[in-house]
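For reference, the structure is listed below as structure tokens.
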Amino acid sequence: MNMALYHLDGRWIVVDCGMTFTGESVPGVDLIFPEPAFIEERRDALDGIVITHGHEDHIGAIAHLWPRLRVPIYATPFTGALIREKLIEHGLMDEAPLTLISPDQPLDLGPFSLRFVPVAHSIPEAHSLAIQTRHGTVFHTGDWKLDDAPPIGAPTPGDRLAEIGDAGCLALMADSTNVFNAQASGSEATVKAGLTEVIKGRSGRVVVTTFASNAGRLKSIAEVARDTGRELVLAGRSMDRIWRVADELGYLDGLPAPLTPAEGADVPADRMLICCTGCQGEPRAALARIVGGDHRDLSLSKGDLVIFSSKVIPGNEKSVGALVNRLAIRDIDVITERDAAVHVSGHPGRPEMTELYRWLRPKVAVPVHGEPRHLREHVRFAKAQGVETAIHSANGRAIRLAPGEARVVDEIATDFQYLDGTTLVPSGDPGINDRRKIGAEGHVVLTVLLDETGDLLGEPEIVVRGLPRYERGGSLETGLLDAAERAVKGMPKKRRDDEAAVAEAVRIAVRRECRNARGKNSVVDVRVIILEEEEI
1 MNMALYHLDG RWIVVDCGMT FTGESVPGVD LIFPEPAFIE ERRDALDGIV ITHGHEDHIG
61 AIAHLWPRLR VPIYATPFTG ALIREKLIEH GLMDEAPLTL ISPDQPLDLG PFSLRFVPVA
121 HSIPEAHSLA IQTRHGTVFH TGDWKLDDAP PIGAPTPGDR LAEIGDAGCL ALMADSTNVF
181 NAQASGSEAT VKAGLTEVIK GRSGRVVVTT FASNAGRLKS IAEVARDTGR ELVLAGRSMD
241 RIWRVADELG YLDGLPAPLT PAEGADVPAD RMLICCTGCQ GEPRAALARI VGGDHRDLSL
301 SKGDLVIFSS KVIPGNEKSV GALVNRLAIR DIDVITERDA AVHVSGHPGR PEMTELYRWL
361 RPKVAVPVHG EPRHLREHVR FAKAQGVETA IHSANGRAIR LAPGEARVVD EIATDFQYLD
421 GTTLVPSGDP GINDRRKIGA EGHVVLTVLL DETGDLLGEP EIVVRGLPRY ERGGSLETGL
481 LDAAERAVKG MPKKRRDDEA AVAEAVRIAV RRECRNARGK NSVVDVRVII LEEEEI
């Protein structure tokens with residue numbers, strides 16, 4: 001996620017408003033958003049949300065969080081088109097003021113004067129922000145890299161960055177994603193050549209799966225399809241959307257329109273190139289459905305080829321590995337970035353970062369956009385580049401850049417929100433915690449009926465979910481019921497008129513039996529009902 005706040009003279013701006021994906025630790029939840037309570041309380045002093053580029057980890061939360069902030073949004077045309085679709089989908093287009101900014105257009109928001117600086121990345125119109133203030137210029141890189149021949153857009157302008165450095169750069173807020181990479185990220189042109197080399201001469205279908213938002217990669221894949229005599233078929237809603245927006249803005253001029261999956265179904269296998277979503281093993285994405293035989297129009301056969309033109313995002317290794325194994329079982333060939341030059345990163349390696357520091361020569365470095373280990377390594381890297389002060393950032397950390405010594409001045413309480421179905425809930429929501437616990441330990445529900453004297457009215461009713469039911473020597477339910485009955489009978493009768501006390505005694509006993517029988521600390525819910533004589 002990316003959501004940075006800048007403050008000066010009592011005014012605020014937000015840079016980016018992104019989201020991230022969950023893993024197995026939060027079952028049933030797909031997306032995580034920032035919790036904007038801090039800036040929501042100060043929204044009367046908030047002058048706008050400024051977006052660097054259109055990747056989901058930079059724009060994915062806008063439609064969900066804007067109703068709490070209700071301020072203007074500023075973005076360049078391609079990014080703005082992606083944001084507009086989100087606002088329309090959430091019924092906010094008529095409410096949320098979205099202003100499109102050209103890269104050469106200054107944007108003045110309160111005490112901040114911003115300039116969009118185009119940079120190379122894996123999506124059109126990626127920009128860094130030169131944030132000019134009376135204390136100096138803060139350079140916020142967003143996502144960037146060096147590429148002398150990007151398929152879409154211009155190279156990162158080293159001369160312009162050097163001009164900013166010559167004029168004086170107070171602070172650099174810089175991408176840390178690839179700080180451990182000793183090599184430069186590489187040019188997208190090498191991917192086009194690598195894909196061509198792998199695909200030419202192949203018989204059978206070829207599938208290339210990649211990140212849908214990488215419009216430059218889509219363009220390269222389309223050119224490879226054309227150059228190898230294949231018809232391009234697009235599969236995946238998000239990929240269709242990115243292609244459509246990029247085409248409308250002229251980034252794909254001269255390329256034939258791709259086929260829909262229904263149109264591609266009639267294309268001979270050796271003339272088909274399918275470009276689809278699902279490179280992270282997502283179970284509902286196009287690739288997983290094609291592999292599983294669940295896609296209405298597209299299928300794969302023995303000897304076909306699937307190319308993962310992507311890297312595996314940390315946390316997705318299991319899902320990608322499972323998908324690759326399913327392909328292997330069906331004798332479908334797989335090529336990844338480890339096998340051929342079919343992917344380059346959109347983020348800078350250390351040689352590119354060295355150039356950035358050489359151009360800008362900031363007084364202060366605040367590494368951002370990375371896991372804690374990346375941020376700490378980037379602090380060491382910045383100091384090695386001669387930066388006077390390098391500060392380790394973290395969620396909620398308030399850093400004063402000027403005036404005076406740059407340092408951490410406060411720790412603001414922060415949190416996350418989960419999108420659970422269609423509902424935003426705090427990360428500590430009891431229902432989410434219960435689901436996590438139940439998913440790992442199982443769930444037992446008992447209903448216990450007592451008469452007025454405290455005697456059991458028959459055997460308790462039991463429902464067990466998420467635990468193996470039978471083992472040698474008897475069923476789990478039998479053991480749990482026995483434990484429940486012993487707990488009731490072990491209580492003095494004068495205490496059995498307290499439904500809550502009986503329920504707690506049964507809960508403890510049944511949970512102990514679950515632990516003894518299965519080694520699980522299961523969630524146990526007990527309902528006790530005391531019936532009067534006329535109700536029996």
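Using UniProt numbering, the letters of the sequence shown correspond one by one to residues 1 to 536. All residues carry an ideal CB built from backbone N, CA and C; glycine is no exception. Everything numeric in this text was worked out from a predicted model, so none of it was measured.
If you ignore the 5 residues before and after D415, its C-beta comes within less than 8 Å of the C-beta of E35, A37, P426, S427, G428, all in its own chain and listed in chain order. H64 carries a helical assignment under DSSP once its states are collapsed to helix, strand and coil. The C-alpha of N2 is placed about 16 Å away from the C-alpha of Y74. When DSSP states are grouped into helix, strand and coil, W144 belongs to the coil group. Cα atoms of V208 and V526: separation of roughly 52 Å, rounded to the nearest angstrom.
Bridge partners of A130 according to DSSP: R115, F139. Residue range 237-248 is occupied by the alpha helix (DSSP H) that includes M239.
One Cα belongs to P256, the other to R230, and the distance between them is close to 11 Å.
The DSSP-derived three-state label of Y251 is coil. Its Cα nearest to that of D266, the residue R296 stands out among S238, D247, R296.
Taking the Cα of L109 as reference, the smallest distance to any Cα among L195, D44, I62, I13 is reached at I13. Under a 10 Å Cβ-count criterion, E188 is classified as buried, with 16 or more other Cβ atoms of the shown protein chains found around its own Cβ. In the DSSP assignment, I329 forms no beta bridge with any residue. Residues of the same chain with a CB within less than 8 Å of the CB of G48, apart from the 5 flanking positions on each side, are I13, V14, V71, P72, I73, Y74, L109 in chain order.
For the set P362, F78, L249, the Cα lying nearest the Cα of T141 is the one of P362. For A394, there is no enclosing alpha helix (DSSP H), since its DSSP letter is neither H nor E. Residue state for E188 is assigned as helix, using DSSP reduced to three classes. In this structure N516 is exposed. Its beta-carbon is surrounded by fewer than 16 other beta-carbon atoms within 10 angstroms. By the Cβ criterion, the stretch 205-221 is in contact with the stretch 308-320, since at least three pairs of Cβ atoms, one from each stretch, lie closer than 8 Å. Close CB contacts of V524 within its chain, under the 6 Å cut and outside five residues either way in sequence, are with V444, R507, V510, R511 (chain order).
Beta-bridge analysis with DSSP links D420 to T423. Looking only at T22, V488, K437, V324, the smallest Cα-Cα distance to L449 is reached by V488.
Of the residues assessed, I123 falls on the buried side of the cut-off, its CB having 16 or more other CB atoms within 10 angstroms. By the criterion of a C-beta distance shorter than 7 Å, D270 is surrounded in its chain by S203, G204, once the five residues flanking it on both sides are discounted.
Taking all protein chains shown into account, S345 has 16 or more neighbouring C-beta atoms within 10 Å of its C-beta and is therefore buried. Going by beta carbons, A382 and Y357 fall inside the 8 Å limit.
By the C-beta criterion, the stretch 181-198 is judged to be in contact with the stretch 334-354, since at least 3 inter-stretch pairs fall below 8 Å.
Under DSSP, F21 shares a beta bridge with L31. Taken atom to atom, the span from the alpha-carbon of S238 to that of K86 is near 12 Å.
In the DSSP assignment, R527 falls within the unbroken beta strand (DSSP E) covering 523-530. Counting only the Cα atoms, D143 lies some 11 Å from D16.
DSSP places I274 within a strand segment (E or B) once states are collapsed to three. Of all alpha-carbon atoms in A63, L327, N316, P77, the one lying nearest the alpha-carbon of L287 is that of L327. The C-beta of A167 has fewer than 16 other C-beta atoms within 10 Å across all chains shown, which makes the residue exposed. Taking C-beta separations shorter than 6 Å and ignoring five residues to either side along the sequence, the partners of A406 in its chain run V364, T389, following chain order. The C-alpha of K520 lies about 6 Å from the C-alpha of C514.
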